[in-house]
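>
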Amino acid sequence: MALLEAEGVVQLYGALRALDGVAFSVAEGQFHGLVGPNGSGKSTLMKCIAGAEIPTGGAIRFAGTDITALPPERRARLGISLKFQITSVMPNLTVYDNVLLALQAGDRLRDLVRSLTRGGYDARIRETLARFRLIERSDDLAGILSHGQQQWLEIAMALVRQPKLLLLDEPTAGMSPEERWATAEILEPVRGHCAMVIVEHDLDFIREICDRLTVLNQGVVVDSGTVAEIQNSEKVREVYLSRV
Amino acid sequence: MTLNPRGWPVILVLEVAVLAALLAMPAGLDHFWVIFVTRVMILALLAISFDLCWGYAGIMSFGQALFFGGAGYAVAVAARDLEITSVFIALPMAVAVGFVLSLFVGWFLLMTRFPPPIIFVALGTLTGSYIGQRLALSWYYLGGQNGIPSIPSLTVGDYPLYEGPVFYYMVLGLLLGVYLLCRWLVRSQFGLVLAGVRQQESRLTFLGYRVQTYKTMMFALAGSIAGLGGGLLAFHDGFIWPNSIGILVSTQAVIFVLFGGIGTLIGAVIGVGAIEYVGFELADRYPQIWPIILGALLLVVVMFRPTGLIGLLVPERERYGRFGKPPKGEDGDDGAA
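In the order they appear, the protein sequences are chains B and S.
Its first residue numbered 1, the first sequence is counted upward by one per residue in our numbering.
Its first residue numbered 1, the second sequence is counted upward by one per residue in our numbering.
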């Protein structure tokens, strides 16, 4: 059974059909890339999966549960995590506290009020920061990190609670080539434990990391398959060549 | 600039200094100043309530006077008509009225499907305060524009608590209790959530937090504290009038906190003291133009020192502070609150 299934998802903005009957699925532990030209509906689809927008039509199921109309926090509690396109770490909190904030999201209110859980999370937070090459910066304010480090911190926050599905919207945007490959290295150990849907313009990165790809154009799925299948797809070639 | 040559947290130094000064004042001041500082401490409760909303939870409330004045009217009516003056009933009643009113307003304004925009909450709370003032002005039972005069004194058993040193120390004790409670809360892991809400509200929802619940809880706590302040002021001054529930007092709360230093509890307290004292001195020396001078002074501080007076003394990092109990081996409380 697929972990995530979208069926006939439609999203209308007035007369514009940003998504027009999109269907795709992601298996457990799979890295799934969403690619397509600008305005093809990739980010809109991510928003519909994360709960930032409620689709006009269609259905989205996660681990067998219909999540089409659930608010974002309930989706997060089911195991869906998101990294925004625009970095949105808490700039005036330390790197450590940013990760703690993500990790304690499932705690009971009374435990938070009495500060009962921070000590127990310490080892896990430090381990996560070490994995994301941020351990030396743990006491720095997140706002003074470099852009690439802020991207890593946000991915660390998204992964620290061990979600079943991670949505990554342009995880390497603004990164240097070295940081891009480091990001791929950082994400690799997650494969098999956590599925990912990745929107990314860097096709080399997508080819390197993804198991399957879905290509969108003007709100419609053009093709879906393995990286090799998509590279040889006539339909995909037409979409990209028609825009040259 | 820091005040901590021995490495002490500046905020902690300020807190101890303010507490020591407040403890000693009645011994060295005449009756007028004792009453003056008592009012300052009561208004500090109002300022803390606004600071909890805007400085800590990101709720722009322009209506804290609704809970402040609403509780004041409630205890005034209860004292006048039901002879309820016992400190053990009247003050909890003031807290309860503030809590219920703010929970109702918060439920309506904050518990929406998606976190509401700041302007919606600001206008909603402002409207609540305006409605409260209009109601107080037009309802004969509440005394109309004259308000409720000659409110009986608070009592402990048969002992009446008139304005003066005893009332002063009671207010100081209550302010200290409220301050310590809020300090503990905003530096807890719950406080970390509030810091996240203030900085990246939408991000918090995608981490799994129901942000609206946290904000409504803080709003209700802030309303309870404002209610306590309103109840104390009604008994202290012996009267309450429509301005106490209206836009003027709501705006005062905002100015106290902006002037003192938003997002720090001690900043709210210092802001009230500074504005009330400077306002009093200016009114004494320049009776015609003092509001203009005070307004200009406030503008200068807000424009050139957005972190308020506290920003002159406390390093940025200390103002942000730390949250929760640190694991063994780490430094403890840095005093930020």
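Every residue gets a Cβ at the ideal spot worked out from N, C-alpha and C, and that includes glycine.
For clarity, every value in this text was computed on a predicted model and none was experimentally measured.
Hey, residue 230 of chain S and residue 250 of chain S: beta-carbon distance below 8 Å or not?
To locate residue 230 of chain S, count along the second sequence from 1; it is residue 230. To locate residue 250 of chain S, count along the second sequence from 1; it is residue 250. No, these two residues do not count as a Cβ contact at 8 Å.
> So residue 161 of chain B and residue 189 of chain S are in contact, right, with Cβ under 8 Å, and what is the actual spacing, rounded?
Indexing the first sequence from 1 puts residue 161 of chain B at position 161. Indexing the second sequence from 1 puts residue 189 of chain S at position 189. Wrong, their Cβ atoms sit about 15 Å apart, outside the cutoff.
> First and last residue of the alpha helix (DSSP H) that includes residue 170 of chain S?
Reading the second sequence from its first residue, position 170 is the one you call residue 170 of chain S. 165-186 is the extent of the alpha helix (DSSP H) around residue 170 of chain S.
> For residue 179 of chain B, which residues of its own chain have a beta-carbon under 6 Å away from its beta-carbon, when the five flanking residues on both sides are left out?
Along the first sequence, one-based indexing puts residue 179 of chain B at 179. Closer than 6 Å at Cβ, skipping near neighbours: 148.
> Between residue 193 of chain S and chain B, is any beta-carbon pair separated by less than 8 Å?
Working through the second sequence from its first residue, we reach residue 193 of chain S at position 193. Yes, contact with chain B.
> For the segment 99-133 of chain S, which residues have a CB atom closer than 7 Å to at least one CB atom of chain B, in sequence order?
Within the segment 99-133 of chain S, the qualifying residues are 113.
> Does residue 320 of chain S come within less than 8 Å of chain B when only Cβ atoms are used?
Looking up residue 320 of chain S in the second sequence gives position 320. Chain B, which has a Cβ nearer than 8 Å to the Cβ of residue 320 of chain S, makes this yes.
> Decide yes or no for the touch test of the segment 41-57 of chain S against the segment 254-271 of chain S: beta carbon pairs closer than 8 Å, at least 3 of them.
yes
> Near residue 115 of chain S, which residues of its chain fall below 8 Å by C-beta distance, leaving aside the five closest residues on each side in sequence?
Residue 115 of chain S sits at position 115 when you count from the first residue of the second sequence. Result list for residue 115 of chain S: 201, 202, 205, 211, 212 and 215, in chain order.
> Quick check on DSSP: helix, strand or coil for residue 3 of chain S?
Position 3 of the second sequence, counted from the start, is the residue given in the question as residue 3 of chain S. Per-residue confidence for residue 3 of chain S stands at a pLDDT of 48, beneath the threshold of 50, marking its modelled position as unreliable; no derived number is given.
> Report the three-state DSSP secondary structure of residue 12 of chain B (helix, strand or coil).
As a first step, residue 12 of chain B is located in the first sequence; it is residue number 12 there, counting from the start. In the structure shown, residue 12 of chain B sits in a strand (DSSP, three-state: E or B).
> Within the 8 Å Cβ cut-off, does residue 215 of chain S reach chain B?
Locating residue 215 of chain S in the second sequence gives position 215, counting from the first residue. Not one chain B Cβ lies under 8 Å of residue 215 of chain S.
> Tell me whether residue 233 of chain S is buried or exposed, calling it buried when 16 or more other Cβ atoms sit within 10 Å of its Cβ.
Translated into positions along the second sequence, residue 233 of chain S becomes position 233. Result: buried.
> Is residue 97 of chain B buried or exposed, if buried means 16 or more other CB atoms sit within 10 Å of its CB?
As a first step, residue 97 of chain B must be located in the first sequence, where it is residue number 97. With 16 or more Cβ atoms within 10 Å of its Cβ, residue 97 of chain B is classed as buried.
> Check whether the segment 46-63 of chain B touches the segment 17-25 of chain B, taking contact to mean three or more Cβ pairs, one atom from each stretch, closer than 8 Å.
yes
> Consult DSSP for residue 311 of chain S and reduce its assignment to one of helix, strand or coil.
On the second sequence, residue 311 of chain S is found 311 positions in, with the first residue counted as 1. DSSP places residue 311 of chain S in helix when its eight states are reduced to three.
> Is the CB-CB distance between residue 216 of chain B and residue 83 of chain B below 8 Å?
Counted from its first residue, the first sequence places residue 216 of chain B at position 216. Counted from its first residue, the first sequence places residue 83 of chain B at position 83. Against a cut-off of 8 Å, the Cβ pair of residue 83 of chain B and residue 216 of chain B comes out as no contact.
> When Cβ atoms are compared, which residues of the segment 173-198 of chain S fall closer than 8 Å to chain B?
185, 188, 189, 190, 192, 193, 195 and 196
> Can you tell me whether residue 216 of chain B is helix, strand or coil according to DSSP?
One-based indexing of the first sequence puts residue 216 of chain B at position 216. The DSSP-derived three-state label of residue 216 of chain B is strand.
> For residue 125 of chain S, does the count of other Cβ atoms within 10 angstroms reach 16, so buried, or fall short, so exposed?
Along the second sequence, read from residue 1 onward, the residue named residue 125 of chain S stands at position 125. Buried, since its Cβ has 16 or more Cβ neighbours within 10 Å.
> Under three-state DSSP, which class holds residue 214 of chain S?
Translated into positions along the second sequence, residue 214 of chain S becomes position 214. It is helical.
> If you draw a straight line from the alpha carbon of residue 6 of chain B to that of residue 27 of chain B, how long is it in whole angstroms?
By 1-based counting over the first sequence, the position of residue 6 of chain B is 6. By 1-based counting over the first sequence, the position of residue 27 of chain B is 27. Cα-Cα distance, rounded: 12 Å.
> Excluding sequence positions up to five away, which residues of its chain have a Cβ less than 8 Å from the Cβ of residue 81 of chain B?
Indexing the first sequence from 1 puts residue 81 of chain B at position 81. Only 158, 159, 161, 163, 165, 166 and 167 meet the Cβ criterion.
> Note down, in chain order, every chain A residue with its Cβ under 8 Å from the Cβ of residue 82 of chain B.
Reference to chain A is not applicable here, since the protein chains of this structure are B and S.
> Comparing alpha-carbon positions, which option in S:167, S:278, S:186 and S:82 lies nearest residue 58 of chain S?
Along the second sequence, read from residue 1 onward, the residue named residue 58 of chain S stands at position 58. For the residues S:167, S:278, S:186 and S:82, the minimum Cα distance to residue 58 of chain S belongs to S:186.
> Of all the alpha helix (DSSP H) runs that stay within the bounds of the segment 107-165 of chain B, which reach a length of 4 or more residues?
Here the runs fully enclosed are 109-113, 118-131 and 147-159.
> Verify the CB distance criterion: does residue 63 of chain B have a CB-CB separation below 8 Å to chain S?
Against the first sequence, residue 63 of chain B aligns to sequence position 63. Residue 63 of chain B has a beta carbon lying at 8 Å or more from every beta carbon in chain S.
> Here's the rule I'm using: 16 or more other beta-carbon atoms within 10 Å means buried, otherwise exposed. How should residue 1 of chain S be labelled?
On the second sequence, residue 1 of chain S is found 1 positions in, with the first residue counted as 1. Caution is warranted here: a pLDDT of 44 is assigned to residue 1 of chain S, below 50, making its placement in the model unreliable, and the coordinate value is therefore given only provisionally. With fewer than 16 Cβ atoms within 10 Å of its Cβ, residue 1 of chain S is classed as exposed.
> Near residue 186 of chain B, which residues of its chain fall below 8 Å by C-beta distance, leaving aside the five closest residues on each side in sequence?
Numbered from 1 along the first sequence, position 186 holds the residue referred to as residue 186 of chain B. Hits under 8 Å: 131, 132, 133, 152 and 155.
> How many Å lie between residue 3 of chain S and residue 309 of chain S at the Cα?
The residue given as residue 3 of chain S occupies position 3 in the second sequence. The residue given as residue 309 of chain S occupies position 309 in the second sequence. Confidence in residue 3 of chain S is poor, its pLDDT being 48 and thus under 50, which makes the residue's placement too unreliable to answer from.
> Okay, do the segment 23-35 of chain S and the segment 59-71 of chain S touch, 3+ Cβ pairs below 8 Å being the bar?
no
> Cβ of residue 40 of chain B within 8 Å of Cβ of residue 218 of chain B?
For the purposes of this step, residue 40 of chain B is identified with residue 40 of the first sequence, where counting begins at 1. For the purposes of this step, residue 218 of chain B is identified with residue 218 of the first sequence, where counting begins at 1. A contact, by the Cβ cut-off of 8 Å.
> Of all the alpha helix (DSSP H) runs that stay within the bounds of the segment 172-204 of chain B, which reach a length of 4 or more residues?
177-187
> Quick one, which of B:227, B:65 and B:203 has its alpha-carbon nearest residue 2 of chain B's?
Taking the first residue of the first sequence as 1, we reach residue 2 of chain B at position 2. Answer by Cα proximity: B:65.
> For the candidate residues S:180, S:258 and S:246, whose alpha-carbon lies nearest to that of residue 299 of chain S?
Reading the second sequence from its first residue, position 299 is the one you call residue 299 of chain S. Checking every option, the nearest Cα to that of residue 299 of chain S belongs to S:258.
> Quick check on this structure: which residue in S:78, S:98, S:100 and S:101 has the alpha carbon closest to the alpha carbon of residue 90 of chain S?
As a first step, residue 90 of chain S must be located in the second sequence, where it is residue number 90. Checking every option, the nearest Cα to that of residue 90 of chain S belongs to S:78.
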